[in-house]
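A.B. asks: In UniProt numbering, the protein residues as written are 1 to 80.
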Amino acid sequence: MPDGVISAALLPRFIQVYQESGSDAQRESSLKELLKELPDTHCSLLKYLCHFLTQVVQHHTVNKMNVYNLATVFGPSYFQ
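1. According to DSSP, simplified to helix, strand and coil, what is residue 5?
2. Using a Cβ-Cβ cut-off of 7 Å (strictly less than) and excluding sequence neighbours within five positions of residue 43, which residues of its own chain qualify?
3. Helix, strand or coil: how does DSSP classify residue 47 here?
4. Excluding sequence positions up to five away, which residues of its chain have a Cβ less than 7 Å from the Cβ of residue 79?
5. What span of residues does the alpha helix (DSSP H) with residue 74 cover, start to end?
6. Contact defined as beta carbons within less than 8 Å: I believe residue 59 pairs with residue 66. What is the distance between those atoms, to the nearest angstrom?
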């Protein structure tokens, strides 16, 4: 993939959603709208990775991969 899962063009808008104050419901709504703008392949990959990483974190007591560790490892690759 030449771009990260979250495309460089949309990255500033994703950051803006988290920097703006507002309720969790407002953030969720804004994120859903932004996700609709991702290319289909990026959106499919993001869904797959989120599902996979949810399964990994469910076994964190065995694999030592809690949410923080997963974010450290996988986070940067989402935004390259």
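All C-beta atoms in this analysis are idealised placements derived from N, C-alpha and C, irrespective of residue type, glycine included.
C.D. replies: So, from the listed chains and residues:
1. Taking the first residue of the sequence shown as 1, we reach residue 5 at position 5. Three-state result, residue 5: coil.
2. The residue labelled residue 43 in the question sits at position 43 within the sequence shown. 35, listed in sequence order.
3. Looking up residue 47 in the sequence shown gives position 47. In the structure shown, residue 47 sits in a helix (DSSP, three-state: H, G or I).
4. Within the sequence shown, numbered from 1, the residue matching residue 79 stands at position 79. Cβ within range, chain order: 4, 6, 11.
5. The residue given as residue 74 occupies position 74 in the sequence shown. Where residue 74 is concerned, the enclosing alpha helix (DSSP H) stretches over 67 to 78.
6. As a working mapping, residue 59 is identified with position 59 in the sequence shown. As a working mapping, residue 66 is identified with position 66 in the sequence shown. Going by Cβ atoms, the distance from residue 59 to residue 66 rounds to 10 Å, so no, they are not a contact pair.
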